[in-house]
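Peer 1: Questions regarding the structure given below will be posed in turn.
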Amino acid sequence: MATVASSTVDIQTRERRFYSRMALFLVAIVFIGFAPSFYLRGIVPEYPRPNPTIPPWVLFHGLLFTMWMLVFVAQTQLVAAGRRDIHMKLGAASMFLAIAMVPVMYLTGVWQVARNNVPPFTTPLDWTSLPLFAMPAFAFLVWQGWKRRREAQWHKRLMLGAAMVVALGPGFGRIPLAPPMKAAFAAQMIVTLLFFLPLFIWDRRTIGKTHPATKIAFTTYALSMLLAVGVIVTGTWAPIAQYLPGVGG
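The sequence shown begins at 3 in my numbering and counts up one residue at a time.
Structural data, given as structure tokens:
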């Protein structure tokens, strides 16, 4: 019995460490991706892409997004420290932040058309597909995570998936790893699917199979990202995007 109890504690310790490290990794990706244009603007060299001034609504979007990511990291640290009581209370606050992020994601997406803050291989209208396709994916995973908040194994995976939706595409996609070309952009975005690999491996090592929540999180992210990349590469989103409320505002 003592051996079983010790094994359970060891798994819980490793689980807390895993999710904590994944959260910190996502924050690092976001920081690196947005350092030249937001976090360290004017301090570090700019990436080779348009970098216009930051209007108040972009600043608000960045601060709100940052707050949610920091709360997400704090949540994993609280669980790792065994403070589930504070984790549960902070969860309500993070839900309010997530709800606020959805309309802000939409407005930031459509208003950026006027800023023309896009790579040279696409148009501002087509570029709106990235935030607009990520928006329902994020909302869906956060909502599912909230509904399953009493089921720890579901909740952890769904919320990690939600964080990956808003961190990987915007953050990793801004890191200049390849020339500003459609094919290179598509390849770099597809690479983000590999960041789910640690979660798949974790599932196999701990429960012997892929958890349903992992499948849902991965599929949701993959669909939203691949659809957005697809319409950017083909240029088929602009005719639709031009009629969206608020475009160019």
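Heads up, the beta-carbon is just placed ideally off N, CA and C, and yes, glycines get one too.
Give the single residue among Leu-61, Met-24 and Phe-20 whose Cα lies nearest to the Cα of Ser-39.
Peer 2: The sequence position of residue 39 within the sequence shown is 37, counting from 1. Out of Leu-61, Met-24 and Phe-20, Leu-61 has the C-alpha closest to the C-alpha of Ser-39.
Peer 1: Which residue's Cα is closest to the Cα of Phe-123: Tyr-41, Arg-18, Val-115 and Ala-185?
Peer 2: One-based indexing of the sequence shown puts residue 123 at position 121. Just measuring C-alpha positions, the residue of Tyr-41, Arg-18, Val-115 and Ala-185 sitting nearest Phe-123 is Ala-185.
Peer 1: Count the C-beta pairs between the segment 164-175 and the segment 131-141 that are closer than 8 Å, then say yes if the count reaches three, no if not.
Peer 2: yes
Peer 1: If distances are taken between C-alpha atoms only, which option among Leu-228, Trp-204, Lys-91 and Gln-155 comes closest to Ala-189?
Peer 2: If you number the sequence shown from 1, residue 189 lands on position 187. Looking at the Cα atoms, Leu-228 is the closest of the given residues.
Peer 1: With DSSP as the reference, label Ala-83 as helix, strand or coil.
Peer 2: Within the sequence shown, the letter at position 81 stands for residue 83. Ala-83 falls in the coil class under three-state DSSP.
Peer 1: When the distance is taken between beta carbons, is Arg-176 closer than 9 Å to Thr-216?
Peer 2: Here the question's residue 216 lines up with position 214 in the sequence shown. Here the question's residue 176 lines up with position 174 in the sequence shown. Against a cut-off of 9 Å, the Cβ pair of Arg-176 and Thr-216 comes out as no contact.
Peer 1: For the alpha helix (DSSP H) containing Arg-43, name the first residue and the last one.
Peer 2: For this step, residue 43 is matched to residue 41 along the sequence shown. Counting along the chain, Arg-43 falls outside any alpha helix (DSSP H), and DSSP gives it neither H nor E.
Peer 1: Using CA atoms only, rank isn't needed, just tell me which of Trp-156, Arg-43 and Phe-98 is closest to Thr-212.
Peer 2: Here residue 212 refers to the residue found at position 210 when the sequence shown is read from its first residue. Thr-212 has its Cα closest to that of Trp-156, out of Trp-156, Arg-43 and Phe-98.
Peer 1: Alpha carbon to alpha carbon, what distance is there between Leu-196 and Gln-237?
Peer 2: Working through the sequence shown from its first residue, we reach residue 237 at position 235. Working through the sequence shown from its first residue, we reach residue 196 at position 194. Reading off the sequence shown, one finds Gly at residue 237, where the question assumed Gln. The straight-line gap from Cα to Cα measures roughly 26 Å.
Peer 1: Are the CB atoms of Ala-102 and Leu-80 within a distance shorter than 9 Å?
Peer 2: Numbered from its first residue, the sequence shown carries residue 80 at position 78. Numbered from its first residue, the sequence shown carries residue 102 at position 100. Not closer than 9 Å, so no.
Peer 1: By the three-class DSSP mapping on this structure, what secondary structure does Val-120 have?
Peer 2: Within the sequence shown, residue 120 is the residue found at index 118, counting from 1. Here Val-120 sits in coil by DSSP.
Peer 1: Just to confirm before moving on: does the CB-CB distance between Ala-136 and Gly-171 stay below 9 Å?
Peer 2: Position 134 of the sequence shown, counted from the first residue, corresponds to residue 136. Position 169 of the sequence shown, counted from the first residue, corresponds to residue 171. Result yes, Cβ atoms of Ala-136 and Gly-171 sit closer than 9 Å.
Peer 1: Assign Thr-236 to one of three DSSP states: helix, strand, or coil.
Peer 2: Here residue 236 is taken as the residue at index 234 of the sequence shown, counted from 1. Thr-236 carries a helical assignment under DSSP once its states are collapsed to helix, strand and coil.
Peer 1: Since Val-32 contacts Met-71 with CB under 8 Å, what's their CB separation in whole angstroms?
Peer 2: For the purposes of this step, residue 32 is identified with residue 30 of the sequence shown, where counting begins at 1. For the purposes of this step, residue 71 is identified with residue 69 of the sequence shown, where counting begins at 1. Right, their Cβ atoms sit about 6 Å apart.
Peer 1: Report the three-state DSSP secondary structure of Thr-78 (helix, strand or coil).
Peer 2: Position 76 of the sequence shown, counting from 1, holds the residue named residue 78. Thr-78 falls in the helix class under three-state DSSP.
Peer 1: Can the beta-carbon of Met-191 be found less than 9 Å from the beta-carbon of Val-144?
Peer 2: As a first step, residue 191 is located in the sequence shown; it is residue number 189 there, counting from the start. As a first step, residue 144 is located in the sequence shown; it is residue number 142 there, counting from the start. Contact: no.
Peer 1: Do the segment 201-210 and the segment 108-122 touch if we need at least three Cβ pairs shorter than 8 Å?
Peer 2: Note that the segment 201-210 does not touch the segment 108-122; fewer than 3 beta-carbon pairs, one per stretch, sit closer than 8 Å.
Peer 1: How would you call Tyr-1, buried or exposed, if buried means at least 16 neighbouring beta carbons within 10 angstroms?
Peer 2: Past the boundaries of the shown model lies residue 1; the chain is included only from 3 to 251, so the question cannot be answered.
Peer 1: Hey, out of Ile-34, Val-29 and Arg-18, whose CA is closest to Pro-178's CA?
Peer 2: For the purposes of this step, residue 178 is taken as the residue at position 176 of the sequence shown. Checked all of Ile-34, Val-29 and Arg-18; the closest Cα to Pro-178 is Ile-34.
Peer 1: Tell me where the alpha helix (DSSP H) around Lys-211 begins and ends.
Peer 2: The count along the sequence shown starts at 1 and reaches residue 211 at position 209. Run containing Lys-211: none; DSSP gives neither H nor E here.
Peer 1: Note the first and the last residue of the continuous alpha helix (DSSP H) segment covering Phe-140.
Peer 2: The residue labelled residue 140 in the question sits at position 138 within the sequence shown. First-last of the alpha helix (DSSP H) with Phe-140: 131-149.
Peer 1: Once the 5 residues before and after Thr-222 are set aside, which same chain residues still bring their CB inside 8 Å of it?
Peer 2: As a first step, residue 222 is located in the sequence shown; it is residue number 220 there, counting from the start. Result list for Thr-222: Ala-139, Phe-142, Leu-143, Gly-163 and Val-167, in chain order.
Peer 1: Would you please state the rounded distance, in angstroms, between the beta carbons of Gly-93 and Arg-152? I believe it to be under 8 Å.
Peer 2: Counting from one through the sequence shown, the residue named residue 93 turns up at place 91. Counting from one through the sequence shown, the residue named residue 152 turns up at place 150. About 11 Å separates the beta carbons of Gly-93 and Arg-152, which is beyond the 8 Å limit, so they are not a contact pair.
Peer 1: Return the chain-ordered list of same chain residues with a C-beta closer than 6 Å to the C-beta of Thr-125, the five sequence neighbours on each side being excluded.
Peer 2: Position 123 of the sequence shown holds residue 125. Closer than 6 Å at Cβ, skipping near neighbours: Ala-240.
Peer 1: From Met-24, Val-46, Lys-149 and Gln-146, pick the residue whose C-alpha is nearest to that of Gln-77; which is it?
Peer 2: Within the sequence shown, numbered from 1, the residue matching residue 77 stands at position 75. Per the Cα distances, Met-24.
Peer 1: Is the separation between the beta-carbon of Ser-22 and that of Ala-82 shorter than 9 Å?
Peer 2: As a first step, residue 22 is located in the sequence shown; it is residue number 20 there, counting from the start. As a first step, residue 82 is located in the sequence shown; it is residue number 80 there, counting from the start. Against a cut-off of 9 Å, the Cβ pair of Ala-82 and Ser-22 comes out as a contact.
Peer 1: Can you name, in chain order, every residue of its own chain whose Cβ lies under 7 Å from the Cβ of Leu-134, other than the five neighbours on each side?
Peer 2: Position 132 of the sequence shown, counted from the start, is the residue given in the question as residue 134. Leaving aside the five residues that flank Leu-134 on each side, the residues in its chain whose CB is nearer than 7 Å to its CB run, in chain order, Tyr-108 and Gly-111.
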